[in-house]
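Input: a single structure, listed below in structure tokens.
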Amino acid sequence: MRLAITIAALLALAACGKTAEQKQREEAAALTTLGEKYVREKVLEPAQAQFRNQFIGKGGAPCGEVNAKDAFGSYIGFQRYISVARDLTLLAQDVSPAEFEAQWQQLCR
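In terms of mature numbering (1 follows the signal peptide of the UniProt record, and there is no 0), the sequence shown is residues -20 to -1, 1 to 89.
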């Protein structure tokens, strides 16, 4: 409990003097990093994953594109992803195109 209070106080102090835009950029960067972490957990060679076109969608879901390697060590090409949480990270290859598009429209656009 004490640790949680200390961390909350440090975060509040760190936020002092920053503009709302700076805070928003920092939060977006943190969410994007977390999204990348969850996507990396789903690909074969996490350290080799390449990311682009990343943004924070509706409700704070990190969205973007990832290029990962297949079992033969070749990159498969960029595909979209949505990362709501560790167990709710979805790559376009994981589901039907129609299902992924529905989720993309709901969470990312």
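A virtual CB, placed ideally from N, CA and C, is assigned to each residue, including glycine.
Tell me the rounded alpha-carbon separation between Trp84 and Gly40. Distance from the CA of Trp84 to the CA of Gly40, rounded to the nearest whole angstrom, comes to 13 Å.
Inter-residue Cα distance where the pair is Leu11 and Ile36: One C-alpha to the other measures close to 8 Å.
Would you tell me roughly how many angstroms separate the C-alpha atoms of Gly57 and Pro26, rounded to the nearest one? Across the structure, Gly57 and Pro26 are spaced so that their CA atoms are roughly 15 Å apart.
Given that a residue counts as buried once 16 or more other Cβ atoms are within 10 Å of its Cβ, and exposed if not, what is Ser63? So Ser63 ends up on the buried side.
Can you give me the Cβ contacts of Leu24 inside the same chain, cut-off strictly under 8 Å, excluding the 5 residues immediately before and after it? Once the five neighbours on either side are set aside, the close Cβ partners of Leu24 are Ala48, Lys49, Asp50 and Ala51.
Can you give the Cα-Cα distance for Glu21 and Glu1, rounded to whole angstroms? Their backbone Cα atoms lie some 30 Å apart in a straight line.
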